[in-house]
Amino acid sequence: MSFNWHNPYLTPRTPVFAHNIVSTSHPLAAQAGNRILLEGGNAVDAAIAAAATLTVVEPVSNGLGSDAFALVWAGGQLHGLNASGPAPGAWDVNYFRRRYGNDAQGLAKRPERGWDAVTVPGAVAGWEALHRRFGKLPFSRLMHSAIGIAERGVALAPMVARKWQAAVPILAQQPGFADAFMPGGRAPQTGELFRFPAAAKTLRLLADQGARAFYEGEIAESIVNWSQQTGGSLTLQDLQAYQPEWVTPISQRYRGYEVHEIPPNGQGIAALIALGILERFDLAGLALDGVDVQHLQIEAMKLAFADVYRYVADPASMEITPQQMLDNNYLQQRAAQIDLTRASLPAAGIPRSGGTVYLTTADENGMMVSFIQSNYMGFGSGVVVPEYGISLQNRGAGFSSDPKSANVVAPGKRPFHTIIPAFLTRNGQPQMSFGVMGGDMQPQGHVQTLVRMLDFHQQPQAACDAPRWKVNRDFTLDLESRFDPAVVQQLQSRGHQLKSVDDPYMDFGAGQFIWRLSDDLNHGYVAASDSRRDGQAVGF
């Protein structure tokens, strides 16, 4: 049967209640994590198993060459992991100028795809770091589902197939891409079986030899050999030197809760700035889906982005600290700049001196994991290491070529990152692990869903499914088609410049949420999975 896989009807999802639960953007990944929980593993084990499986079933968004971040509630506290990788040792502004020349502004050109967008991949090292510190089952066991699916094959889900089709014209000429992701010379279609034996080989090596094989052994050598053969600059020394970093999360109080994010080089601080500004307004006294609530959130998000794009980079290069950007008096000053009747084009303030997959897991013992990994722009760089199925991210595209920027490219430096896991606590106790994937949409998704849950008490699945807006880098606005036309018109009348978009996969993100129902663990959790993806929340 040749089905029309487009569904013209709304298919609402219902929240899932369980004592052990996994929510991801693909059902097979959710089930892989749930299987680990059923076998006695904990939430970290489940997260790693789900993450490994996602590299096979959703390669349009992540791969074995991804970066990753995590927030883990364990042992009565929240732990942060930054598993993003740095630039190769050969990279600096002059490297790109020699290769690509200058742009119209006199800055060195840098490609968005190919080897010169590939920083050191951090995700696999992140899996190992999480497992070493918190894992319960053997690491090898956590690879089993991913290996089995890669060998046997997976029938493509509708959103995965759609994204795959869009990527082929852009990436078909990148080294290794066609052999890995164009079986039969084209993108596979919805329901078509895709096998990935090369990735299965790498996953087996990781299961047998441990994650460091990716950075020091046979796998590392294959990455470097492919780099040397096809014009890359990544070296064995770049890979061997890499270690993920345990970091202290940053936070902002909002409506009696504490919202936690990974500190820079990520953009999680944008959500905290926006929430700190919105804390000054009585949103609950306004209509939930009315123009005033949307306008205030949009303006707060613009102010946050103005600062983030100006100041956020690798922490070693930042001229101000996250604490200065979240200073209470400074946030009050930023809030005072919002005009309740008109849209703005804000500039950065002056603080006081001083393609992505997201998943979340929770177990019956109270461990909760907020985890995100990404190849950035869909398949990332488009470069795939032959025989090993390693699809490499293009996070180097996040650097600046401007020598005056804190985010200017430099050897061993981490670029500005968009992927951000999030976590919510109340009175020092865990409340929710959550995240919204999708480039610059991520902090905006955090803000919009939290406002719905904390100001208006919408349950997680409803908050997840509600229509969203997105502030673009030029401060124009995208609106999902499900927005009330009257609200759209009112936003325009206030001066918001609207764009028309037709790609909800990227433009409005997709989230996963696990909310703890009570301090008493016998009550378990409730989970949501975004209807903008093929995902699922499962549990027992």
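Residue numbers (the working numbering): 51 to 590. Each residue gets a CB set at the ideal place from its N, CA and C atoms; glycine is no exception.
Residue state for E162 is assigned as coil, using DSSP reduced to three classes. The C-beta distance from A560 to M487 rounds to 6 Å, short enough to fall under 8 Å. Distance from the CA of P294 to the CA of A337, rounded to the nearest whole angstrom, comes to 44 Å. D505 sits away from R245, with the two beta carbons spaced by 8 Å or more. Only residues of its own chain outside the window of five on either side were considered, and among them P138, A140 have a CB closer than 6 Å to the CB of S283, listed in chain order.
The beta carbon of R392 sits closer than 8 Å to the beta carbons of R544, G545 from its chain, once the five residues preceding and following it are set aside; these are given in chain order. Beta-bridge partners assigned by DSSP to M418: W123, A412. By DSSP's assignment, S73 forms a beta bridge with T410, A587.
Distance between P517 and A324, taken at the CA atoms: about 19 Å. By alpha-carbon distance to D357, the top candidate from V343, D339, D377, W276 is D377.
For A577, the enclosing beta strand (DSSP E) begins and ends at 575 to 579. Every alpha helix (DSSP H) stretch that sits fully inside the segment 498 to 536 and reaches 4 residues is listed by chain position as 510 to 515. Excluding residues up to 5 positions away in sequence, V170, F264, Y265, E266, A270, I273, V274 lie with their Cβ nearer than 8 Å to the Cβ of L289 in the same chain. When only Cα atoms are considered, P461 and P453 end up about 13 Å apart.
In this structure, DSSP gives S431 a state outside helix and strand, which the three-state scheme calls coil. Counted as a single uninterrupted DSSP element, the alpha helix (DSSP H) harbouring A96 occupies residues 93 to 107. Counting along the chain, no alpha helix (DSSP H) covers M51, and no H or E run does either.
Judged by pairs of C-beta atoms under 8 Å, the segment 431 to 442 touches the segment 240 to 259, as three or more such pairs exist.
Under DSSP, V274 takes part in no beta bridge, so it has no partner. The alpha-carbon of F558 is positioned some 11 Å away from that of Q498. For G432 against G156, the beta-carbon gap comes to about 28 Å, at or over 8 Å, which does not count as contact. Straight through space, the alpha carbons of I388 and V537 are spaced by roughly 19 Å.
Pairwise C-beta distances place the segment 78 to 88 in contact with the segment 185 to 197, as three or more of them are shorter than 8 Å.
Residue range 472 to 476 is occupied by the beta strand (DSSP E) that includes A472. Annotation: L541 to V341 spans about 7 Å, alpha carbon to alpha carbon.
By the neighbour-count definition (other C-beta atoms within 10 Å, threshold 16), H129 is a buried residue. Within its own chain, the residues whose Cβ lies closer than 7 Å to the Cβ of A222, once the five positions on either side in sequence are excluded, are A228, M232, listed in chain order. Scanning its chain for C-beta atoms nearer than 6 Å, with the 5 sequence neighbours on each side dropped, one finds around E308 the residues S301, T475, in chain order. Listed in chain order, the alpha helix (DSSP H) runs fully inside the segment 214 to 271 are 227 to 231, 247 to 259, 263 to 266, counting runs of at least 4 residues. Proximity to Q509 across R236, F355, Q562, G326 peaks at Q562, based on C-alpha coordinates. Less than 8 Å separates the beta-carbon of N444 from that of V168.
Counting C-beta atoms within 10 angstroms of its own C-beta, L328 has 16 or more neighbours from the protein chains shown and is therefore classed as buried. In the three-state DSSP reduction, N572 falls in the helix class (H, G or I). Residue environment for T411: buried (at least 16 other C-beta atoms within 10 angstroms of its C-beta). Between G495 and V110, the C-beta gap is not smaller than 8 Å, which leaves the two residues out of contact.
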